[in-house]
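A.B. asks: Below you will find the structure I want to go over with you.
Residue numbers (the working numbering): 349 to 1086.
If you want it as structure tokens, here you go:
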């Protein structure tokens, strides 16, 4: 782009944290701005300005104090960023006018101060930056045009450029002043004979993100990232704001959806160049509101799977440029386009009336209850969003901001999947008992138990025992039972088995509404029967007792502990409730120190129906770590001609005879869930029930999981492609199960 500027404003900024090549990577605020004007025609320089900036958080790193020589006391009386920027603009304009010039451009020694510091901070503080910060000169790029042997642009510094052209080093020691004086000397050298350099190449920062449909041309994998941990209501504009200062390609934000068509907190973002992608990776764990966002590399293929490929109907719908897209969810199946237009009202007119509506349908034409709506401006879209959760017919309607990529994902998913997915029958799983026989509650109507409701989610066994105080002496051995939800996390409920009904009554009277961690806890007396029903998936509330969703079938035992040809247990099934039956102890092999676990006798045999919606149970206090292992296969498996050698982690290799290939993942973070693993292997057509996360007896992920792939070829491909990728920042080991 040709330059018509008469002057350059040599500019430098420093933050309260990392500076230099890591400027902006630690999300610290700007505390220092330095600038000086250079007249390109007269080759003169103006006054050198140095301004301190007061950050919102008065906290400097030791590295910052050492490099800048500043202390917190120096910043207390300084002006905030908006005032300093206003002062900067006024000073520059008056000096340029005094020189008789009409225009100026910013000149920096690295784009970091503009892209990674000023724009992100201004975005968070809702500041409007002066126009000069949207176009700037990188002195390193201009220098390399004149000195091509100087080395890569990213390795150049003001000092190294001075040395390269034989200029004396700068004697100035104050940070900011030193860098600006160096850049001024370099600019004057480039302007002088024999170089006579013309500054004509400018980098730009986009004023706003351009939404729209992504074309299906090949996408460079070196320009794509994956962002995780986004708030579920985030729009493409919110994500573009998080990456403010970096240029995102048109339609380059693709929000990812889960199997139910809802946003899963992830997005794929495509940048215009590799350099911008690399700067985006430096924003790993920066914050969007109160949440930190993880940023990882992704591939162009992954981006196109989410953002590209669509039907002619969708292409026509998205062909209208510069439209705001709103998604409507929960529409009555009988709703017509006119019903939707009436619901939205005259204050939010839809673009081209019914042409701006796109109803999502199944392949046979039945409506799904979803629709997308186009609005020509932000004002109309805001008016529509005010209708969120208002009633249409007999249903309340949800409205969210949406994107072109989300439109395509939703339509592709519904149009490419059968109406009734063909799922394997639910597995019939032998139920391992997680406690020794004397700790299982016997069914009776005696009210010798208490229920604790409203516990803090962080409360553990020790906190519960401390809460009960002197009454802990009346608790039966291993009589504390935590209730977990389907994700294996505390639900806020617990049951305590007392030595008698009198003791239970006393606890309920003295501890009811007693405080634990600023929360009062309700304590009720109940029976063992009531406790068992709740632990097996039923409910117990003030309205009375509701049984579990279905009863446990008592089936005749099979010839062995064989699983049908089905996918693995879902994550929630790993936290099983106790079955009220007499267990027998597993016989350990003489060749293996397998942990001692209890299993139900095959006469009669009890099985779990995997469709049950169980709450979770585990005994507490937990047993010694030396006696804890993973859920092991019943001894019948080992004796059925399948070998007597246990699996290294305690899970028998014959426990999961599945079709396809079984892969073991090791080194997982301890908060890993099935959803995380499915996301990691996105694109390999895994079923949630084909993922088994291994847990220890404390209800925590053991760091391992078993994953079933539809074929060995798919497993090999996944292992080859994913072995080099990090799982939420951690390397994981993938291997076939023998």
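The beta carbon of each residue, even a glycine, is placed where N, CA and C say it ideally should be.
Applying the criterion that 16 or more other CB atoms from any shown protein chain within 10 Å of the CB defines a buried residue, is residue 452 buried or exposed?
C.D. replies: buried
A.B. asks: Using the C-alpha atoms, what's the distance from residue 627 back to residue 965?
C.D. replies: Any reading at residue 965 is ruled out, since the residue's pLDDT is 31, under 50, leaving its predicted position unreliable.
A.B. asks: So what does DSSP say about residue 952, is it helix, strand or coil?
C.D. replies: Note on residue 952: pLDDT 33, under 50, position unreliable in the model; the coordinate value appears next. In this structure, residue 952 counts as coil in the three-state DSSP scheme.
A.B. asks: For residue 592, collect the residues of the same chain with a Cβ closer than 7 angstroms to its Cβ; drop the 5 residues on either side in sequence, then sort them by chain order.
C.D. replies: Hits under 7 angstroms: 467, 468 and 471.
A.B. asks: Would residue 374 and residue 362 qualify as a contact pair, given that the criterion is a beta-carbon distance under 8 angstroms?
C.D. replies: no
A.B. asks: Go to residue 602, then tell me how far its beta strand (DSSP E) extends in each direction, as first and last residue.
C.D. replies: 596-605
A.B. asks: Does the beta carbon of residue 480 fall short of 7 angstroms from some heavy atom of the ligand ATP?
C.D. replies: Among the ligands in the structure shown, none appear at all, so the ligand ATP cannot be discussed.
A.B. asks: When we look at the beta-carbon of residue 918 and count the other beta-carbons within 10 Å, is it buried (16 or more) or exposed?
C.D. replies: Residue placement at residue 918 is flagged as unreliable, the pLDDT there being 35, under the threshold of 50; a coordinate-derived value is accordingly withheld.
A.B. asks: Closer than 6 angstroms by C-beta to residue 706: which residues in its own chain qualify, once you throw out the five before and the five after it? Chain order, please.
C.D. replies: 665 and 720
A.B. asks: With the cut-off set at 8 angstroms, would you say residue 531 and residue 487 are in Cβ contact?
C.D. replies: yes
A.B. asks: Looking only at DSSP bridge pairs, what is residue 1088 linked to?
C.D. replies: Lying before the first or after the last residue shown, residue 1088 is absent from the chain, which here runs from 349 to 1086.
A.B. asks: Kindly list the residues whose CB is nearer than 8 angstroms to the CB of residue 399, restricted to its own chain and excluding five residues on each side of it in sequence; keep chain order.
C.D. replies: 380, 381, 382, 426, 427, 432, 435 and 436
A.B. asks: Between the region 844-854 and the region 819-828, do three or more beta carbon pairs fall short of 8 angstroms?
C.D. replies: yes
A.B. asks: Between the alpha carbons of residue 1010 and residue 1031, how many angstroms are there, rounded?
C.D. replies: 17 angstroms
A.B. asks: Count the other C-beta atoms from every protein chain shown that fall within 10 angstroms of the C-beta of residue 549, then say buried if there are 16 or more, exposed otherwise.
C.D. replies: exposed
A.B. asks: Pick out whichever of 1051, 1050 and 1085 has its Cα sitting closest to the Cα of residue 1087.
C.D. replies: As shown, the chain starts at 349 and ends at 1086. That puts residue 1087 outside it, with no answer to give.
A.B. asks: Can you name the start and end residues of the alpha helix (DSSP H) that residue 625 belongs to?
C.D. replies: From DSSP, the alpha helix (DSSP H) with residue 625 extends over 622-629.
A.B. asks: Between residue 630 and the rest of its own chain, which residues show a CB-CB distance below 6 angstroms, the 5 nearest in sequence each way excluded?
C.D. replies: 373
A.B. asks: For the alpha helix (DSSP H) containing residue 532, list its first residue and its last residue.
C.D. replies: 525-539
A.B. asks: Based on DSSP bridge pairs, tell me the residues matched to residue 361.
C.D. replies: 381
A.B. asks: With DSSP collapsed to three states, give me the class of residue 545.
C.D. replies: coil
A.B. asks: Cβ of residue 617 within 8 angstroms of Cβ of residue 600?
C.D. replies: yes
A.B. asks: Mapping the DSSP letters down to three states, classify residue 355 as helix, strand or coil.
C.D. replies: strand
A.B. asks: In terms of DSSP beta bridges, what is residue 397 paired with?
C.D. replies: 383
A.B. asks: Buried or exposed: residue 880, going by 16 or more other Cβ atoms within 10 Å of its Cβ?
C.D. replies: Under this definition residue 880 is a buried residue.
A.B. asks: So, using beta-carbon positions, are residue 578 and residue 613 closer together than 8 angstroms?
C.D. replies: yes
A.B. asks: Rounding to the nearest angstrom, what Cα-Cα distance links residue 574 and residue 1058 in this structure?
C.D. replies: 26 angstroms
A.B. asks: For the region 478-504, which segments carrying the alpha helix (DSSP H) assignment without a break, of at least 4 residues, lie completely within its bounds, in sequence order?
C.D. replies: At a cut-off of 4 residues, the continuous stretches assigned as alpha helix (DSSP H) that sit fully inside the region 478-504 are 487-494.
A.B. asks: Could you please give me the residues that DSSP links to residue 797 through a beta bridge?
C.D. replies: 845 and 874
A.B. asks: Beta-carbon within less than 6 angstroms of residue 692's beta-carbon, same chain only, minus the 5 sequence neighbours each way: which residues are those?
C.D. replies: 732
A.B. asks: Starting from the C-beta of residue 1171, find all residues in its chain whose C-beta is less than 6 angstroms away, skip the five residues before and the five after it, and write them out in chain order.
C.D. replies: Beyond the ends of the chain as shown, which are 349 and 1086, falls residue 1171; an answer cannot be given.
A.B. asks: Three-state secondary structure (DSSP) at residue 646?
C.D. replies: coil
A.B. asks: According to DSSP, residue 1036 sits in a beta bridge with which residue or residues?
C.D. replies: Partner(s): none; residue 1036 has no beta bridge.
A.B. asks: Let's see if you can read the secondary structure: which residues bound the alpha helix (DSSP H) around residue 467?
C.D. replies: 467-472
A.B. asks: Would you decide whether residue 663 is buried or exposed? Buried here means 16 or more other CB atoms lie within 10 Å of its CB.
C.D. replies: exposed
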